Amino acid sequence: MIIAFSSDEKFSSIYRALEKSEFKVGLLVSEPPKPKGRGLMIGKNPAHLFATEHSLLTFTPKKLDKIFESRLKKFIQKNNIKLGFVFSFGKIIPKDIIELFPAGILNLHPSLLPKYRGPTPIETAILNQDQETGYSIIKINEKVDGGPIIACEKIKIKPDDNFETLKEKIINQASENLAKTFKMYLSGKIIPKIQNETQASYTKKLEKSDGRITSQDNAKSALAKILAFSNWPKAYFEIEGQKIIIHRAHLEEKYLIIDEIQMENRQKIKFSDFKNGYPKLLTKFPHFVRI
């Protein structure tokens, strides 16, 4: 049995992959419910919601403080837990909590570390038009994404991969190998590899403005934004003070062909319907968009 730290919707894939192994998740530690949506209704994150639906014990501490540490320590001792696992948790786990686990805590990070440390490795790989990415499993320490590497695997990025499809591929591939990796790690068959700090690169937290496509872009960089930001913040043009979101597009020769578009606060529509409904805006798109 292990303890997992996650607040991500893909925790469900990890849970199912480990369910029938000796590393079944016995406790989820997740972020507490937060206000969501326009009505600011209090809601559980996807991992917490999944855990509730599957009767999985869940701790949702507001702070990883001494009170939580004591509660976690009791569970670890009572259930003889050796290993912790973290994926997209949302909080930095302090040293005192890491040290509660005899074998430490392993982290699944969706990049080939030390490349793309930080919060947005999948978006960054697509935005940079990389042809491959992957995942790394590291033993966490006090340095964010800087712990020694336990395992890694390369994954190809297809030209039409967006954030959702690439994340799905990475998590599915990693989930298949988790139990085997845990077993080899605990048996001492894996020697953790120290990351090369000279090769480290970092990603940043996204802002809404990162999705803006401007005349400084070209067809390829515009499509990269559309694919990279398909989940959030969405890629968009700003034309005559209006935000025009692009949901789907593709390339033909040197041009961007828009397939699905949305005026702000309106429904998504086909670009052919947009052209019929907003003919005056068509001349305002950058030169690399084929109308």
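Residue numbers (the working numbering): 2 to 292. Every residue gets a Cβ at the ideal spot worked out from N, C-alpha and C, and that includes glycine. The model shown is predicted, which means the values in this text are computed figures rather than measured ones.
Residues that DSSP places opposite residue i in a beta bridge
i, result
"Asn108", "Val87 and Ile139"
"Thr59", "Leu29"
"Thr284", "Looking at the DSSP assignment, Thr284 forms no beta bridge with any residue, so it has no partner."
"Glu239", "Lys244"
"Thr134", "Ile156"
"Arg118", "Tyr203"
"Arg249", "Glu261"
"Arg213", "Tyr237"
C-alpha distance - residue i paired with residue j, whole-angstrom precision
i, j, result
"Leu283", "Ile158", "32 Å"
"Gly135", "Glu177", "14 Å"
"Glu20", "Ala126", "31 Å"
"Glu124", "Ile245", "20 Å"
"Pro287", "His248", "17 Å"
"Gln263", "Thr215", "17 Å"
"Phe289", "Tyr237", "14 Å"
"Ser8", "Phe90", "5 Å"
"Ser222", "Glu23", "45 Å"
"Gln243", "Pro160", "29 Å"
"Ala220", "Gly85", "44 Å"
"Ala5", "Ile259", "41 Å"
"Asn163", "Asn173", "16 Å"
"Val145", "Ile192", "20 Å"
Three-state class that DSSP yields for residue i in the structure shown
i, result
"Gly38", "coil"
"Ser7", "strand"
"Tyr203", "strand"
"Lys45", "coil"
"Glu254", "coil"
"Met2", "coil"
"Gln78", "helix"
"Asp260", "strand"
"Ile123", "helix"
"Lys194", "strand"
"Arg267", "coil"
When the options are compared against residue i, the one with the closest alpha-carbon
i, options, result
"Ile3", "Phe102, Pro34, Lys271 and Leu50", "Phe102"
"Cys311", "Ile141, Gln130, Thr182 and Asn197", "The displayed coordinates of the chain run from 2 to 292. Any statement about residue 311 would go beyond what the structure contains."
"Leu179", "Glu165, Ile262 and Ile151", "Ile151"
"Pro95", "Ser222, Gln130, Gln217 and Lys64", "Lys64"
"Asp274", "Phe230, Asn266, Ile172 and Ile292", "Ile292"
"Gln130", "Phe230, Lys190 and Lys67", "Phe230"
"Glu165", "Gly148, Ser71 and Pro122", "Pro122"
"Lys140", "Asp161, Asn266, Ile171 and Ile99", "Ile99"
"Asn155", "Phe272, Lys168 and Ser137", "Correcting the residue type first, residue 155 is Lys in the shown sequence and not Asn. It is Ser137 whose Cα lies nearest to the Cα of Lys155."
"Ser13", "Lys83, His49, Lys37 and Ser112", "His49"
"Glu208", "Ile270, Lys226 and Ala220", "Lys226"
"Ser71", "Gly278, Asp97 and Ala52", "Asp97"
"Asn232", "Gln217, Asp218, Gly212 and His110", "Gly212"
"Leu167", "Phe6, Gly105 and Lys11", "Lys11"
"Ala175", "Asp146, Gly105, Gln196 and Pro111", "Pro111"
### Query
Is the segment 175 to 194 touching the segment 239 to 254 in the sense that three or more CB pairs, one from each, lie closer than 8 Å?
no
#### Entry: At least 3 beta-carbon pairs within less than 8 Å: the segment 199 to 210 vs the segment 107 to 116
yes
### Message
Within 8 Å, do at least three Cβ pairs link the segment 24 to 36 to the segment 53 to 68?
### Response
yes
### Query
Is the segment 67 to 78 touching the segment 39 to 50 in the sense that three or more CB pairs, one from each, lie closer than 8 Å?
no
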